[in-house]
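Protein chains in written order, with the working numbering: chain A, 21 to 701; chain B, 6 to 320. These notes are about the structure you will find just below.
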């Protein structure tokens, strides 16, 4: 008998008019000690399924029918009091955002201890002892001292450890982890995933891992359940689902993820958007977006059938093993590199020993200088006309600050930025304004970066209005042509941003950035707020526009696969420093800097075999403070190869190939003398 | 925290100096003046000059101000010529009575408003929520003198349940020993402040309940009671603490109208009388006291804020 058996579960959410059928007949089982991955895009019902198990649905939500059996006991039928004794005791739960999931007014110790005291019926002192014990278990450094800390005193990674400690404090049989690492940096993500895996082994519990990230699933789950629009569309053991995909949605989902090996020139993208679940379509819910759909799919709902004992899917026209996979264009990497290396290169922007420091003041009346936050230190970089530079690094590495300086929103405190040979900050404010039209920014959050009270037409036209370009009629025309370029209909002009989906809003943002025919677009996390299938649409669009407009991109992202897909050259930043730069191949296949290598190994890839056998070089510890960065090489505090030399002397940039440079005393590959002597950065 | 306190006390002193200067100047701009007030409208100019000279009122205004401040620093608020009593002794008899009246109304209103607000938030958009919202809007929009009169009409005139007038004794004990007579004035003030407290409490509880950590607490299996009173309440009380701190000067100001309606011998009633009888030293003393309470209330609110919310660390 499985530990958890969800049987034909229907969960609805009441609206003012009608209901959202969030979960529409889901059956999933989880065996003791097993990890089941529940994947899908936002709105597919994966979180609602998790919440239904815990019976923690939002106020308007309710379980319409179905059973949730835990050890044979139907949780749906339990009284509220009985259910409370299951929560936190038999089932533990971890949530996505550790920043908001802990009570800011209570110490972490008391927050963990209260669950212990409640379920194990022990006194406060005993519960506190147990809290220290589990904090130790989850790798909290010096738990005795930390027990009286408040959540705001801890970093995101440590807070997530506290969340895990809380969920595990009563040794539950089942752990539900809802996007446990989505809000964390990759190196911290790797630490947390590793921790969850080893704890699962130690405690012998089962885990339901809810995530949108196929990479996370590939390395951690024994079995995968794919959900789409409230229904399970396919389930199978992890290796099988990746190797012999049967449902067209699963296939499309996998094909729309950029690969870390850079082999894909153009991503597959699923057309359209998921259906409205307050009025779900009859027939297969994926039919509208499916490349194989027939009339049968639109009228009859396919049942979840087993092909083999452990592999089932709901589709009339499964993707066979022979007719495998949608075709994706393959990138000729060697040719690409040759093109970059040999092309006539004209520098568009030069960052010359650029630094940005923020002063931190202290004191009641006299604002004394207390320290300097070195956001960016001595960064040199040349951006050539028409190329795409990717900048990767963890949060706090200074990549966004660098981007802001490139578009002249922040003024460097040291060094110079040359744009088209001119010092960007040597101009009068009025001249700078006209130069700014060449430098545009594409924002991360498509919800916050468009004024909700302006019509889309006005939003896109505004840059033209401000710069008094063309007559009003010409501006209107330009707006329409921009909209069609980013794949939106001209009717969008009259509508407001909230009427559009995330991906469509990101298109609007792109149209706005393009309005002034800029030369350089800095895209700061352009797709990190979007779902996988939507993400690939936007990424493809960005590539197309670059070709048609002759754009130069600077793509800033924490997502290494996105950067690999878009960028010709990639710079890796760590704590305000550029530590390595090179072509995609240099960085991903042949990294010289230990940080680059560690960062890469931390990224979960949607390749189960690679993920499960991967020797993980998990970076220990957390990012040091940029207020007092370590002396010498800034990475030395977390580096395996560091010696005394690294603390004393800052490593200079050295060449490892024509376009490949890194700053390390003990690089992973050997240095190369470049005869021309020309700087490649 | 110490540095913060020093800074805030410094600011407070500046505010108080400002208040005293403005009040002092305004008072001297008013027609009449103490001499006429004491000696009567038909006093001879020579008598007035002699009076002014004897009381230092013929000195330049700035000198008079500094003399006043000097006395103030020694805890002397001056002398009411009208009552022939020091302002200190007037306030010493009136203020405790006002504190009892307004203070008990404040506490009572919080005792009612916090649970009602929380319950409204938990059962949001239910029948109780709508009813309580209507009641608080009704009370909020009603002037306190009107509410007082209505209560007198209902409970004293029509039903004779409570006296229409507040207890009249000069001592505190005469006030405390007559709770029946205190009932209507206390209830009037309670209802008025309840209305605003419960609105704030409701909205801050709704905000707190929507937080992710409430979901975490539920996932731990805690009971609704523990979630509400251990987790939610402390967070939701933070804005209320500010509100209560800011209402400290209402110890006097809230009574101005209500004390008059109920003929309650407190500071607010005294304030009105001082204004209408041109008792300027007393008026000035009370104004400075209100200023002082405002400043102290703000400071207390900030300190409470830091105590309730560990994220707040004043620098």
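We treat Cβ as the ideally placed atom computed from N, Cα and C, and that holds for glycine.
- Beta-bridge annotation (DSSP): residue 82 (chain A) is paired with A:32.
- When 9 Å is used as the limit between beta carbons, residue 170 (chain A) is near these residues of chain B: 315, 316, in chain order.
- Annotation: the region 435 to 502 of chain A contains the following complete segments of the beta strand (DSSP E) (minimum length 3 residues), in chain order: 459 to 462.
- Residues of the region 148 to 169 of chain A with a C-beta atom less than 8 Å from some C-beta of chain B do not occur.
- Per the DSSP secondary-structure output, residue 226 (chain A) pairs in a beta bridge with A:194.
- Judged by beta-carbon spacing, residue 306 (chain B) lies beyond the 7 Å limit of residue 207 (chain B), meaning their Cβ atoms are not closer than that value.
- Contact annotation for residue 124 (chain A) against chain B: 218, 240, 314, 315, 316 [CB-CB distance below 8 Å, chain order].
- Residue A:496 holds the alpha-carbon nearest to the alpha-carbon of residue 510 (chain A) among A:453, A:50, A:239, A:496.
- Listed along chain A are 107, 108, 134, 135, 138, 186, each with a C-beta nearer than 8 Å to that of residue 225 (chain B).
- Within chain A, the residues whose beta carbon sits less than 7 Å from that of residue 228 (chain B) are 104, listed in sequence order.
- Three or more Cβ pairs closer than 8 Å define a contact, and the region 300 to 317 of chain A meets that threshold against the region 328 to 337 of chain A.
- For residue 594 (chain A), the number of other beta carbons within 10 angstroms of its own is at least 16, and it is reported as buried.
- Residue 87 (chain A) sits in a strand when the DSSP states are folded into three classes.
- Approximately 14 Å separates the beta-carbon atoms of residue 582 (chain A) and residue 619 (chain A); this is outside 8 Å, ruling out the contact.
- Boundaries of the alpha helix (DSSP H) harbouring residue 300 (chain B): 285 to 313, taken from the DSSP string.
- Contact between residue 685 (chain A) and residue 612 (chain A) fails: their C-beta atoms lie close to 11 Å from each other, not under 8 Å.
- Residue-level contact check: residue 35 (chain A) does not touch chain B, since none of the beta carbons of chain B fall below 7 Å from its beta carbon.
- In the three-state DSSP reduction, residue 34 (chain B) falls in the helix class (H, G or I).
- Scanning B:216, B:229, B:250 for the CA closest to the CA of residue 240 (chain B) turns up B:216.
- At least one beta carbon of chain A lies nearer than 7 Å to the beta carbon of residue 221 (chain B).
- With respect to residue 376 (chain A), residue 646 (chain A) sits apart: the two C-beta atoms are not nearer than 7 Å.
- Taking C-alpha positions only, residue 565 (chain A) is separated from residue 586 (chain A) by approximately 12 Å.
- Below the 7 Å Cβ cutoff, chain B contributes 224 as neighbours of residue 113 (chain A), in chain order.
- A straight-line Cα-Cα distance of about 30 Å links residue 463 (chain A) and residue 42 (chain A).
- Neighbourhood of residue 76 (chain A) in chain B, by CB distance below 7 Å: 220, 223, 224, in chain order.
- Classified as exposed, residue 36 (chain B) has fewer than 16 neighbouring CB atoms from the shown chains inside 10 Å of its CB.
- Residues of chain B with a Cβ closer than 7 Å to the Cβ of residue 117 (chain A) are, in chain order, 217.
- Under the Cβ criterion of 7 Å, residue 33 (chain B) is not counted among the residues facing chain A.
- In this chain, the beta strand (DSSP E) harbouring residue 253 (chain A) covers 251 to 257.
- Just measuring C-alpha positions, the residue of A:369, A:577, A:158, A:142 sitting nearest residue 223 (chain A) is A:158.
- Around the CB of residue 177 (chain B), fewer than 16 other CB atoms lie within 10 Å, so the residue is classed as exposed.
- By the neighbour-count criterion, in which 16 or more other beta carbons inside 10 Å mark a residue as buried, residue 285 (chain B) falls on the buried side.
- Put simply, the backbone Cα of residue 262 (chain B) is about 58 Å away from that of residue 199 (chain A).
- Taking C-beta atoms as the reference points, residue 547 (chain A) and residue 512 (chain A) fail to come closer than 7 Å.
- Of the residues assessed, residue 135 (chain B) falls on the exposed side of the cut-off, its CB having fewer than 16 other CB atoms within 10 angstroms.
- In this structure, the alpha-carbon of residue 78 (chain B) lies about 15 Å from that of residue 17 (chain B).
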